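Colleague: Residue numbers (my numbering), protein chains in the order written: chain A, -4 to 467; chain B, -4 to 467; chain C, -4 to 467; chain D, -4 to 467.
In this text, a Cβ means the ideal position worked out from N, Cα and C, and glycines have one as well.
None of these values were measured; they are calculated from a predicted model.
I have a structure I would like to understand better, so I am pasting it below and will then ask my questions one at a time.
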């Protein structure tokens, strides 16, 4: 991160030192703007301000929270195009997908505006025990306190909104640290939120270094940590979390299984998107495709053909559906991984080319087990196509991974779908859709190294709430 | 009913006239015992006693209700064999199936013993509206009052228990009128219940004529009617129910669809049971089987062969799995319906023979649309086998009926199962099992002429409860 | 109704005869407009058109239903003032309350727009029984068919919306017959709905005579009846409903209990509104107030004083909070009931004056048990104030009624509130608020003669849906 | 722990070294028996055996799990007296309370036998988003893997059962390490479980040193940690838990508020039990009592009098209700804490005497803020009685603590109860009962330093399950 902070300005004050960080368009290298990084004392001030907002946030009625969340929806709608272009420019995400992301962020806030009215309270009799005769229990949920959210570059808007919207809906102040690569989208959202009736301190945008962020994680005034990013950082965070609740949305290595009886055309359509959307920089990017052996040869041809038809260009253009990666460093990492695989015997069906931060759509087959493109989260436009004989074999292959976010299966067989759902070691099994399918109200999250807990508005809300029992 | 009351004794008293009704074993015509039918004033006394039990029933804690229901379970277990034989003897149900029914009655009471501890109370905030700021709602369920249950002959134990167990679990007194053909099983249960801690008047067994029953239906001290029996009577009852809640479990004309990709052996096994168990005297008896045209010829052969292997004999014998019908009158009705069908062109693949109350396993094909065995509820060991070309056609054929209880589909195709579930006009769609599948906790009931409301312990309980809202 | 149809025009056509009915402002007798009443064949055409809309309505996704319902919200908002004035003019409801009603109708549609996304589907394992090993159940809700809604004059908008909004949310076409006294508000809503994306036939406004309405009730193409109105008509309707589901929201005779420890000022404020809002023409109008004997004398004085401060005038004026009744006929009925009570010994503390359709705020005490103002639903600006010694006595007094809609209690005692909630025979117990408290998402409805079933968006929806079970 | 292992025997084997630990009756110092502690490799073998049981446990149907849990209930019932006496002897818990504990353990297993049939699965439409049209979600819960439970000495049976019963109900193997002070009760339960149909490895009893336990905590084959014990150990465990789920039930410092309007006699009865049951060795022991200033003087007298009436004696005797503490070490700790308080100005109203492991019922007042008996978890028969002027002050006093398990309030005021529930920083607010009230189905657990997560059978089960989503 310090590397990308190409210029720095020291601002001496009683409390804080600010560092100015420039934001660069990864496609054309133009400077898009800059944000100031705060030092630890600046960050602590922000946490304090969030803590001070607790009583005001807690007192908000569902009517008020819903009103605020709908104001934010209106605010985003008013500046819709600006949001789309900011995302496209700072993250290199093609306009088409950036637009989809803004629409989803609106849906996420809308769901939160509805869910805040439906916080589930339990009410029950206690007379199942002789000792509880005439007694009733009421289990109600209250805001858990300050949420510290950390969001990644790949969905600069919606993956932050998946923390902000539930926090507001739950009545919790939230401090949000966006990726240092894509802070401008959050700056925009910040200005939208500032126009709503959200109590002061209810939402705090924090730009800081990872080191400062690490200090904040351990601060006792933070009650909930919600992190979306890399596993190494995530699991360390959990160990340092102390008494806090923790939600981790980490990486994946999503696989799709295409059975012999699958709707072939549907699988082809869906997996082309799954493999190459936003250059694979998606947690649930389709990294591995396992096809029944009778389908695999045809699929390789068709899949290569589809990948070749992608429209490469400026992400800000509505006609582009494939563009650069977030930075050259990552493109180089992909390049080395693909080279490692081919050196070890993998066959390159398409791609394998890099030019600066651009990495071309790449399809591999016969990839050795130990290759990084097989085992690690590739987070780039690389996909492996392999064949299987039996579903059992395919499932074992998918499960042979330390990751477990989502997996797809294409079939019309009830028996096969049931087996896949029962045995696949993932957070979500997607039937007849790409691994990248997600609607914002569904429970979303991974098992194994892929995460801890679930997001999806009402699921996230439960982690931001704390139950309290009344016996009366 | 008056016909089967072969002897009558007038007992003059201040309140009641009793009529003694003899109960005859339909298999060997031996007299099994007798019960006394009460007249209207006798019946009214029983309703009054139930009404008087309301406060005591309402005050029972979940712990007490659960204890009582478990005492009844223990009581049935102690006299298990006696229950089985009483059912087998008075209803002609083969020992094997009678045993299954007693086991199910035990499950039904057990579920009730658990569900009475889990009456769902809702608790919610009202601050979604500005007018409800700081206000909470609590929606609790209280016993609705006296239940009047009317149960049929074909499951003399468990279909009565499906009214008795939920009533006790809900805290409602229940008056139960069993079929006049099979009252002895209920006499046995009555003596078991009498040994439990159920408050006096909590369970009242009522033997009376249909005319007297009709008066009781309209009595203002009855709050809920739960009837299992014929549609004509059921729908009349609803019209006369006044302010009462009504649950009707009426007839059916269940159909099974066997798709081309079905597990053929499984379908054959399941449908043999579905068609001939207890001589088809089951509401969800498999009356119609629609097979894909490529399967139908083979199926006819195999199905006839299976039906021929049924062990016919005394219902009291554990080796019997096919026996007499409830009475000769019904066997004659079946005979005339089958004759009507064959006269109109239907082809008889097997059976069609009557001997007294016995009617042999009967399989028909090419049955004209207007035949009674196609359109009415046959309630006998008769099944129609037809073919279809497309699933759409099969579904339309199944739906071409005024009945809508349950239907089966045998397939491994997700698309076909989804279509069937979406389009079949029934209360329950059963995948890869006979139409007769039922476990006692599931919601059970029909649409169209087949019924109104759902049974299954916790679903029945909801009809015996009345919600009351507290705003505070 | 024929009386109020002051002019009639016979329109001969192949199908229908229309009768033109003039609508008169009850305050100033000015004609506000007219609607055409259809005859039976016209009504049948409308039912047929609703039936034809079933497939289109059933196919709507939650997204589409939600969009349509929000379009209606927008449409009402755009013509907000027009709605308020139409209600004020045709029903005589003061502007202030008419405005509140329009706001509530918007809330009702908004809740429906949210609830249509949350239709609860149950999913459960069946392996609690040995016979269900490996089996799962899924219980899903589908639209029940055509709803026939009949709504009253007193909330010409929101009580119709309480049928329309849930019907759309459930995916059911609805035919709505408004009161013949206040059809213009529905005409306005009809034009708003017409501008939405609701499929043709999804909403049908039906103006017809009661006789024609009675025929429609029994029509087999109607699947659900939802009636708000008088008990006599309601219960007759239930008897004639055949296989239909029925929801009845009938009259009330609401009572409030003010305990010795009550917040006196709060009780005074709330009950003034409860007793006199919209001249008591509200189902949950506070008709009886029972005060602890130590409070009653002071309360009589203060309550009379409050009632005297009401601002009487033109309902169309924002400053008015008390005005005429719906028609002179009803004002005369009230007059005679009050006279009956005073003749029998009741003491008049205030009011008792009539002038045309205007009846003044009236407070009575020492009212004999048998007086109509004590026992029947007064539906006018009359309230009875009595005293009690013990809470037990007060509860018995409240329960000594054939009605059971809502009741209030003012106390700070947990013991007293619990006792009231446990023992009051009503649909809703309201703590520290007027009996007229209602927010549109809460379950609302009565027991005893006051109704059958519950409204409140999601509760109404459940009556418009039919469960179907899938065993797989 | 090594200190209390008064004798040791080295058993050399290929895998393990066993240490023999003697168990001593704290009341009469008699040896009750001994258990063997395993070393690390022995413990690892046990974890491996649990891991191997995963598939068998996962395959159990609800019917099977329920059967097993009921078998355990039967097994405990058969040896009821033996359980009671083992608890009384090894823990020094008076017979009366030991009996209550065995009854509760039976209830806990019974609840689990019922809840395993009711694992909640969610089913929902995804068509609220345009992208989800026609799609459904199903969110099902699967066993999370091996549970490692660590239970304390004070409820040697039921607090272990609160981990074992939900684990079996959830289908998870469990390794249970009991307190080294009270392992014999678990040995007894182990032999009962061994007679059930639980698959081999489903339950594993582990006796080991804390050091070995610490290694096990970090073992990757463990998926869930459930610890009941001291906060220091608990929070360290959370930091070392890696990717595991963690539930912590730690200490408390429960306070009761007695308002001016309280039912005084009830408060006196309840708080005598809350303060002195099992010598205060209960997490929710009533350690602090705050009374309204008008009640405090009378209460001090009455409370001392009640405490003096306790029957001190052998815990194995049914007439005893007060006896020794778990060991002399703890009695000495209490002694020093009380001395510290009195030295700092606290006034001793009763007790303060120690004799070996016996510490007499002790009541203090005017205790300085900084005293350990005020701030730490006393876990002994010591209670502080103080007065307050306003409820606000009392709540602040209760909240002025790093603990937050349960708190009681005695009042009849709705306003006061609402305020207490809203503001008390605890897991459970108990109205008109001792702080020690717990029924085994309720959610139980603390906030602040008192814990993380909730137990209570169905709440614990949710932590032993992992959700998996199916989109279809």
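According to the Cβ coordinates, are residue 416 of chain A and residue 288 of chain A closer than 8 Å?
Modeller: In this structure, residue 288 of chain A does not lie closer than 8 Å to residue 416 of chain A by Cβ.
Colleague: Run through the DSSP bridge pairs and tell me what residue 138 of chain A is partnered with.
Modeller: Residue 138 of chain A pairs with A:460.
Colleague: What residues in its chain sit with their C-beta under 6 Å from that of residue 319 of chain C, if we drop five residues either side in the sequence?
Modeller: Answer for residue 319 of chain C: 21, 22, 87, 352, 353, listed in chain order.
Colleague: Under a Cβ-count criterion, where at least 16 other Cβ atoms within 10 Å of its own Cβ denotes burial, should residue 410 of chain A be classed as buried or exposed?
Modeller: Residue 410 of chain A is exposed by the Cβ-count criterion.
Colleague: At least one CB of chain D closer than 8 Å to the CB of residue 109 of chain B: is that the case?
Modeller: Closer than 8 Å: yes.
Colleague: Output, in chain order, the set of chain C residues within a Cβ distance shorter than 8 Å of residue 39 of chain B.
Modeller: In chain order: nothing, as chain C lies at least about 22 Å away.
Colleague: Indicate whether residue 451 of chain B and residue 436 of chain B have their beta-carbon atoms separated by less than 8 Å.
Modeller: Result yes, Cβ atoms of residue 451 of chain B and residue 436 of chain B sit closer than 8 Å.
Colleague: Strictly by DSSP, which residues pair up with residue 32 of chain C?
Modeller: Residue 32 of chain C is bridged to C:14.
Colleague: Beta carbon of residue 65 of chain C, beta carbon of residue 99 of chain C: below 8 Å?
Modeller: Contact flag unset, no.
Colleague: What did DSSP end up calling residue 95 of chain A once you bin it into helix, strand or coil?
Modeller: Residue 95 of chain A: helix per DSSP, three-state reduction.
Colleague: With DSSP run on the structure shown, which of helix, strand or coil describes residue 131 of chain B?
Modeller: Looking at residue 131 of chain B - three-state DSSP - the assignment turns out to be strand.
Colleague: Can you tell me which of the three DSSP states residue 22 of chain C falls into?
Modeller: The answer is coil: DSSP assigns residue 22 of chain C none of H, G, I, E or B.
Colleague: If you draw a straight line from the C-alpha of residue 39 of chain D to the C-alpha of residue 125 of chain A, how long is it?
Modeller: Going from the Cα of residue 39 of chain D to the Cα of residue 125 of chain A covers about 42 Å.
Colleague: Candidates C:455, C:236, C:198, C:78: which alpha carbon is nearest residue 48 of chain C's?
Modeller: Answer by Cα proximity: C:198.
Colleague: Would you verify that the beta carbon of residue 449 of chain B is, or is not, closer than 8 Å to some beta carbon of chain D?
Modeller: Answer no: the Cβ-Cβ gap between residue 449 of chain B and chain D never drops below 8 Å.
Colleague: Looking at the C-beta of residue 438 of chain A, does it have a partner C-beta in chain D at a distance below 8 Å?
Modeller: True, the Cβ-Cβ gap to chain D drops below 8 Å.
Colleague: If contacts are defined as beta-carbon pairs under 8 Å, then residue 418 of chain D and residue 137 of chain D qualify, I think. What distance do you get, rounded to the angstrom?
Modeller: The pair is not a contact, with the Cβ atoms about 39 Å apart (cut-off 8 Å).
Colleague: Between which two residues does the alpha helix (DSSP H) containing residue 401 of chain B stretch?
Modeller: That residue, residue 401 of chain B, is in no alpha helix (DSSP H); its beta strand (DSSP E) goes 401 to 405.
Colleague: Let me see if you follow: with CB-CB separation under 8 Å, is residue 412 of chain C close to chain D or not?
Modeller: It does: the Cβ of residue 412 of chain C has a partner Cβ on chain D nearer than 8 Å.
Colleague: Indicate the three-state DSSP secondary structure (helix, strand or coil) for residue 413 of chain B in the structure shown.
Modeller: Helix, per DSSP.
Colleague: In terms of residue numbering, what span does the alpha helix (DSSP H) encompassing residue 426 of chain A cover?
Modeller: Run containing residue 426 of chain A: none in the alpha helix (DSSP H); it sits in the beta strand (DSSP E), 423 to 426.
Colleague: Distance check for residue 453 of chain A and residue 253 of chain B, CA to CA, integer angstroms please.
Modeller: One C-alpha to the other measures close to 41 Å.
Colleague: Rounded C-beta distance between residue 431 of chain C and residue 272 of chain C? I'm assuming under 8 Å.
Modeller: Confirmed, about 6 Å.
Colleague: Let's see if you can read the secondary structure: which residues bound the beta strand (DSSP E) around residue 177 of chain C?
Modeller: No beta strand (DSSP E) contains residue 177 of chain C, which DSSP labels as neither H nor E.
Colleague: At a CB-CB cut-off below 7 Å, which residues of chain D make contact with residue 160 of chain C?
Modeller: Neighbours of residue 160 of chain C on chain D: none; closest Cβ ~17 Å, over 7 Å.
Colleague: If distances are taken between C-alpha atoms only, which option among B:128, B:336, B:33, B:393 comes closest to residue 207 of chain B?
Modeller: Looking at the Cα atoms, B:33 is the closest of the given residues.
Colleague: Should residue 50 of chain D go down as buried or exposed, given a rule of 16 or more other Cβ atoms within 10 Å for buried?
Modeller: By the 10 Å Cβ count, residue 50 of chain D comes out exposed.
Colleague: Does the separation of the CB atoms of residue 89 of chain C and residue 374 of chain C fall below 8 Å?
Modeller: Not closer than 8 Å, so no.
Colleague: Distance, Cα to Cα, residue 278 of chain C vs residue 368 of chain C?
Modeller: Each residue's Cα considered, the two are about 14 Å apart.
Colleague: Figure out for me which residue from D:395, D:407, D:184 has the closest Cα to the Cα of residue 160 of chain D.
Modeller: The shortest C-alpha separation from residue 160 of chain D is found at D:184.
Colleague: Can you tell me which of the three DSSP states residue 184 of chain A falls into?
Modeller: Helix at residue 184 of chain A.
Colleague: Would DSSP call residue 227 of chain A helix, strand or coil?
Modeller: The answer is helix: DSSP assigns residue 227 of chain A an H, G or I state.
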